[in-house]
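The structure appears right after this line, and notes come after that.
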Amino acid sequence: MKEKIKEQIAQWKKERNAVILAHYYVDGEVQEIADLVGDSYFLAKKATQVSADVIIFCGVSFMGESAKILNPGKKVIMADALADCPMAHMVDVERIREVRKEHPEAAVVCYVNSAAEIKAASDVCVTSANAIKIVDRLPNQEIFFIPDNNLGRYVAKQLPDKKFIFHDGFCHVHKSIYRENVRKARELYPEALVLAHPECTEDVLEEADFIGSTSQIIDHATASEAREFIICTEMGVFFELQRKNPEKKFYSVGHRQFCPNMKRIQLEGVLRALEKMEPEMELEEELRKSAERPLQRMLELAAK
Ligand code: 13P
Ligand code: SF4
């Protein structure tokens, strides 16, 4: 049954001249049929470079929005209409206006896990892979970091010369990884290194041997001499970790490392998207253009 769907996906992909982009948090069988799999930064970058007419996006809506914002000439079709990230809606434009009024010198730094309207009201976007580098390169001393409180605090710790204003957004998946879970896993696997995503809370990050985005976690585990790792991020990364490192062992810290929105994306949805060419990601041109500016600035600053 699955093999049949995979064959149909391959046929429709040719027919549509489509490319399939997927985030590391989607199920392994979706990662397997994708042309490009990566973290949010990689996917945003690749969206500017693909030559296919159609992008089938296997990720949550803010990722599809970024692909469309950066690539307006392409059709971006979402593999699931309802896959959305709650964090993308945890700050509003009104709050940004208020802070701009109170702190006119502050740069509004927007974690890419945000809706297009929020990006449009910001000065620059960042992902977990490039946030420290980009904030460091900004001329502003004052930073309003939205929406993720944990990532904001992690970045602030690395850049003590800058003054941060935080927001109270969070990722419920990473927030439900607790320090006790990590300590228990360490007791069980004393040889293992702890690799954590900066969306985790500060006390979990304090336990970590390495902190990085999903791609950085995968690269670190692959390059490391260690044989065992405790992984503090969404469980989708286990697929690529194990694929690249069949001889190494990867342990989770409990059953809650599961993003229900990412897991909505299934092979059937990819096939449906290719057949029906919907749901299409569409944005008003004015909004698209305003959101493109901070995303392009991110790509420029990250490339320097
Ligand atoms: P990265 O892709 O930047 O690692 O972010 C993780 C995430 O939560 C995406 O939804
Ligand atoms: Fe959003 Fe967290 Fe899911 Fe990423 S893992 S899409 S930040 S809820």
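Take any residue in the sequence shown, note its place counting from 1, add 256, and you have its number in this note's numbering.
Note that the Cβ used here is the ideal one computed from N, Cα and C, for glycine as well.
Treat the numbers as computed from the prediction; the structure is a model and nothing was measured.
What would DSSP say about residue i, mapped onto helix, strand or coil?
i	result
Tyr507	strand
Glu484	strand
Asp404	strand
Ile421	strand
Phe466	strand
Gly492	coil
Val438	helix
Ala278	strand
Could you tell me if the beta carbon of residue i falls within a distance shorter than 7 Å of some heavy atom in the ligand 13P?
i	result
His345	no
Can residue i be considered in contact with the ligand SF4, in the sense that its beta carbon sits closer than 7 Å to one or more heavy atoms?
i	result
Cys366	no
Cys515	yes
Pro342	yes
Met533	no
Tyr281	yes
Glu490	yes
His428	yes
Glu541	no
Glu321	no
Glu548	no
Asn369	yes
Val306	no
Glu496	no
Met334	no
Val316	yes
Glu263	no
So residue i is in the alpha helix (DSSP H); what residue range does that whole segment cover?
i	result
Gly284	284 to 289
Lys331	Careful: Lys331 lies outside any alpha helix (DSSP H), inside the beta strand (DSSP E) at 331 to 334.
For the beta strand (DSSP E) containing residue i, name the first residue and the last one.
i	result
Tyr571	A question about residue 571 goes unanswered here, because the residues of the chain that appear run from 257 up to 560.
Ile388	Careful: Ile388 lies outside any beta strand (DSSP E), inside the alpha helix (DSSP H) at 387 to 393.
Phe514	No beta strand (DSSP E) holds Phe514; DSSP gives it neither H nor E.
Gly315	From DSSP, Gly315 is part of no beta strand (DSSP E); its letter is neither H nor E.
Ile433	No beta strand (DSSP E) contains Ile433, which DSSP labels as neither H nor E.
Got a sec? Which residues, its chain only, sit under 8 Å from residue i by beta carbon, not counting five neighbours each side?
i	result
Ala339	Gly315, Val316, Ser317, Asn517, Met518, Arg520, Ile521
Leu551	Ala300, Ser322, Ile325, Leu326, Val368, Lys375, Cys381
Below 6 Å CB to CB, which residues in the same chain sit around residue i once its five sequence neighbours on both sides are set aside?
i	result
Glu490	Tyr281, Val429, Gln513, Cys515
Identify, in the order they occur along the chain, each residue of the same chain with its Cβ nearer than 7 Å to the Cβ of residue i, setting aside the five sequence neighbours on each side.
i	result
Ala308	Asn273, Ala274, Val275
task = Starting from the N-terminal end, write out each residue whose C-beta falls within a distance shorter than 5 Å of any non-hydrogen atom of the ligand 13P.
result = The answer, residue by residue, is Asp295, Ser296, Thr383, Ser384, Ser469, Thr470.
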